[in-house]
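Notes to accompany the following structure.
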Ligand SMILES: Nc1ncnc2c1ncn2[C@@H]1O[C@H](COP(=O)(O)OP(=O)(O)OP(=O)(O)O)[C@@H](O)[C@H]1O
Ligand SMILES: [Mg+2]
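Residue numbers (the numbering used here), protein chains in the order written: chain W, 1 to 374; chain C, 375 to 654.
Okay, here's the thing in structure tokens:
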């Protein structure tokens, strides 16, 4: 082991290389390669059971990988005990020690690291002040609200000044309002003030979009895409990411790509969709194969009268949200699609509508692999 | 409709109370009888049909007991025996239970199953081998040697294991990241959190040891080393008294600590039962 040189680029980068973790027959983490840069706020986003927690626990050392390498800074940590990895973790349940006061909880990691008593005291009070929980130091965890417990868990993580913070759905036990407040607070604290490499797990895409420097989208143990929030939203790498990110989810239209008189058309069965010229060169190699076209609900304009380039549909349901309304419509009775319409537009069930996509905002994917073509 | 419904409900409650009281009385009656008889003369206590009011009221039975030279000695022996066993079980069963619940080592589950299988072996089977071991160690007729046999046992280990399993994994994970190896984790987190289970183990073991008869009978020889149950039975068999009332008084004195303990700590006993029933 060697001391790191200060100012080293790799100071607190976390690097997973072809990491595999199996639980019996379940492959929880499947050949994951991921680099989290020094001081970066990385969010692991994915549906329940996709292996986010397992990935985090692998980095913390609570699980050992079956294959692959895990690097923290310049150290290969596969064989290094969690106590020596210098990472701090905040658990979904906070995992405070129920038999210790808040003070003892925060002090505990320092005590284990044999920090002298006076210094421990100074640090605990400093961190408690920083997080606004000085008044709670003599209470026991069960005497705290969810939000307060959360701060104590954070304090316990921060007090050690770790190289890396690992947070596993830290906000999911809070009520909606507090969650929104803590979102900003956490990001400001961990990223802007402490400037520590952070890996944050969540299944909430809004959390991911608002907090992350970069998002790693996971599904079924695999990393689907890594990129900035704007990137994963604007340029999804595959159908999964496209469908997972964005509310309401993207509409998918499946069909065969055909060419007629130098025009590309998507045969959707009931209608022939004209694909604008801008996509011609990218899509041309796929003529004859099955592709999936994606359109975000926000990019569909709905009108009550036919217009140029619009298609007919029928409203089968709507969800008024106040600021806007989601409408569900079908095309010739098959499959349901969603569009967002401004509030104030008067619609009713079973009404005929004419929808028209924003032709600049179309996505195309290979049906066979789900990969993005455009 | 309403009032009659209420009435039926009250009827049920009354019936339940009646049945429960009846059972309580049936279970308690030998105890009540002993208590009353301990203040009677042997003459009155042996009358038929039995009388329930001591007349004349006498403390003579208790006096006889305390006049017995070895009586304090037996109490001391019993307390020593029970104390050693309680401490031994708290230390060893909690460690073993923790290891079975929280540590990963090869053969763990097989070993644990083997331990549970031990419960099916009647103690009479192990009595002779145990006797030989203690004999070879030169510890026959020695309270400490006898206690050695019970410093850890399967039910306590099982109870502790179940309790440790019921604690949230994330707390132990947090401790691990905060710098605890398995041993620190045990002393700083596991043990303090296991207080209720330790209380249950202590109470069970105390009751068991205080009332133990067979072990002390087999392994102890000289009267001054006897525990209370064996001592009282010894006194009875040697016909130190021709009367039963002092023995009844002696049993009550012997039972007193266990009764007090039970009343004071029965929430731990219940906790212990709940823990054991909780997880398989
Ligand atoms: N200790 C374990 N033993 C067996 N299987 C496990 C274990 N831990 C996780 N798994 C399995 O591994 C897969 C990934 O689990 P993981 O907890 O990493 O998911 P997650 O993405 O964190 O989900 P969630 O959002 O629900 O927390 C799941 O199928 C899960 O059942
Ligand atoms: Mg999880």
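Ideal Cβ positions, reconstructed from N, Cα and C, are used throughout, including at glycine. Being a predicted model, the structure only gives us computed values, none of them experimental.
Within the stretch 561–583 of chain C, the residues whose Cβ lies closer than 9 Å to some Cβ of chain W are 562, 563, 566, 567 and 569, listed in chain order. Rounded to the nearest angstrom, the gap between the Cα atoms of residue 370 (chain W) and residue 288 (chain W) is 16 Å. The Cβ atoms of residue 338 (chain W) and residue 328 (chain W) sit closer than 8 Å to each other.
Chain C has a Cβ within less than 8 Å of the Cβ of residue 108 (chain W).
Across the set C:599, C:553, C:436 and C:578, the C-alpha of C:599 shows the shortest separation from the C-alpha of residue 516 (chain C). Secondary structure at residue 177 (chain W): helix, using DSSP grouped into helix, strand and coil.
In this chain, residue 213 (chain W) is not harboured by any beta strand (DSSP E), its DSSP state being neither H nor E. Residues of chain C with a Cβ closer than 9 Å to the Cβ of residue 87 (chain W) are, in chain order, 551.
Residue 52 (chain W) places its beta carbon less than 8 Å from that of residue 46 (chain W). Taking 8 Å as the CB threshold, residue 558 (chain C) lines the interface with chain W.
Against chain C, the beta carbon of residue 62 (chain W) has neighbours under 8 Å at 547, 550 and 551, listed in chain order. Three or more Cβ pairs drawn from the stretch 297–310 of chain W and the stretch 356–367 of chain W lie within less than 8 Å of each other, which places the two stretches in contact. Interface flag for residue 555 (chain C) against chain W is set, since a Cβ pair is found closer than 8 Å. Beta-bridge analysis with DSSP links residue 71 (chain W) to W:15 and W:76.
For residue 437 (chain C), the enclosing alpha helix (DSSP H) stretches over residues 434–441.
Neighbours of residue 97 (chain W) in chain C, taken as residues whose beta carbon is under 7 Å from its own, are 545 and 563 in chain order. Restricted to the stretch 451–487 of chain C, not a single beta strand (DSSP E) segment is unbroken, complete and at least 3 residues in length. Residues of the stretch 529–543 of chain C that bring their beta carbon within less than 7 Å of a beta carbon in chain W comprise 542, in sequence order. The three-state reading of DSSP puts residue 357 (chain W) in strand, counting E and B together.
Under the DSSP assignment, residue 312 (chain W) falls in the beta strand (DSSP E) whose first and last residues are 311–320. As a beta-bridge residue in DSSP terms, residue 253 (chain W) pairs with W:293. Against chain C, the CB of residue 83 (chain W) has a partner CB under 8 Å away; the residue lies at that interface. Residues of the same chain with a CB within less than 8 Å of the CB of residue 307 (chain W), apart from the 5 flanking positions on each side, are 354 and 356 in chain order. If one requires a minimum length of 4 residues, the alpha helix (DSSP H) runs lying completely within the stretch 528–562 of chain C are 528–540 and 543–551, in chain order. In this chain, the alpha helix (DSSP H) harbouring residue 148 (chain W) covers 146–158. Per DSSP, residue 130 (chain W) is not a residue of any beta strand (DSSP E); the alpha helix (DSSP H) it occupies stretches across 117–131.
In the structure shown, the three-state DSSP call for residue 328 (chain W) is strand. Annotated as proximal: residue 577 (chain C) and residue 639 (chain C), with beta-carbon spacing under 8 Å.
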